[in-house]
Amino acid sequence: MSDKSKQMDLFYRIDKKFTKILNSMVDSGELAKIQPNGLAILVVLKRFTSYYQSKSGIYAYPSLEKIGTLAGISEKTVRRQIIRLTDLGYLKVIKTAGKRKQEYLLSEKFYAVSLRDDTEDKLLHAPYIPHKMKQIERDLEVFEQEGMIPANSPITISNIEIKNLQVNIINNMTGSQSVNIVSDLNKVIDDPNIPTWAKQRIKTTLKQKLTEASKEIETSLIGNTDDNKPK
Numbered sequence: 016m017s018d019k020s021k022q023m024d025l026f027y028r029i030d031k032k033f034t035k036i037l038n039s040m041v042d043s044g045e046l047a048k049i050q051p052n053g054l055a056i057l058v059v060l061k062r063f064t065s066y067y068q069s070k071s072g073i074y075a076y077p078s079l080e081k082i083g084t085l086a087g088i089s090e091k092t093v094r095r096q097i098i099r100l101t102d103l104g105y106l107k108v109i110k111t112a113g114k115r116k117q118e119y120l121l122s123e124k125f126y127a128v129s130l131r132d133d134t135e136d137k138l139l140h141a142p143y144i145p146h147k148m149k150q151i152e153r154d155l156e157v158f159e160q161e162g163m164i165p166a167n168s169p170i171t172i173s174n175i176e177i178k179n180l181q182v183n184i185i186n187n188m189t190g191s192q193s194v195n196i197v198s199d200l201n202k203v204i205d206d207p208n209i210p211t212w213a214k215q216r217i218k219t220t221l222k223q224k225l226t227e228a229s230k231e232i233e234t235s236l237i238g239n240t241d242d243n244k245p246k
């Protein structure tokens, strides 16, 4: 029976595919950073990401006009939000010579919270490749159990270390960067590479350190007062 004959036997056609949004995007506070317009654009781009890999890669390629129409926002807002999503690490804009449309490579973020004292929290990035998401999930399960990503996995890892009021972000692909919390606290709070839960831990650590420092100062002052008392 031909496809046309099969269609003649049907009453309706229903699109049963769906687009996933990770729970961690909501739980980690990333959704608040992305904001409603950014989320709408992200959903549209996920919808139009090629399911299978082509010669040009796994890209979404709707026009800015189409993104705006489907997301219900202006083209100007689309442009602005695409820059924001790029800064947040959710997509990369691909500009190909000879093509009028921009293409977009999407990325998923996964936060790995350490359950042991001898390991650090990690931020994992995986390219959004629809037909490989099951494999990426299996790679993440291996990472949970063994602390290592399987060979040839597309997942990249960034370490998030919070030590002595300094945040170190170490990426196995792009190198590392450090931020001193005392001198750059506002920069840390605004940094899209540091998840909300890590920022909360920074605030807690900072509060503890300041409390300890104040106690040390108080103890020192009391000691000096005692030394100055007449004997």
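Each residue of the sequence shown is one higher than the one before, starting from 16 at the first, in the numbering used here. Where a beta carbon is used, it is the ideal one built from N, C-alpha and C, also for glycine. A quick note: this is a predicted structure, and the numbers were derived from the prediction, not measured.
In the DSSP secondary-structure assignment, His140 is bridged to Lys124, Thr171. Taking Pro169 as reference, the option from Lys147, Glu161, Ser43 with the minimal CA-CA separation is Lys147. In this structure, Leu121 and Lys81 do not form a Cβ contact; the two beta carbons are roughly 16 angstroms apart against a cut-off of 8 angstroms. Excluding sequence positions up to five before and after Asp154, its CB lies within less than 7 angstroms of the CB of Ile164, Pro165, Ser168, Ile170, all in the same chain and listed in chain order. Secondary structure at Leu221: helix, using DSSP grouped into helix, strand and coil.
Taking all protein chains shown into account, Phe26 has fewer than 16 neighbouring C-beta atoms within 10 Å of its C-beta and is therefore exposed. DSSP lists Glu118 as the bridge partner or partners of Ile109. Assignment of beta-bridge partners to Thr64 by DSSP yields Ala75.
The beta carbon of Ile151 is closer than 6 angstroms to those of Ala141 in its chain, skipping five residues each way along the sequence.
Straight-line spacing of the CA atoms in Ala55 and Gln223 works out to 39 angstroms. Nearest to Lys32 by alpha-carbon distance, out of Met40, Ala47, Thr64, is Thr64. Looking at Gly53, Arg131, Val41, Ser43, the one whose alpha-carbon comes closest to that of Ser89 is Gly53.
Taking C-beta atoms under 8 angstroms as the contact rule, Leu106 and Tyr119 qualify, at a distance of about 5 angstroms.
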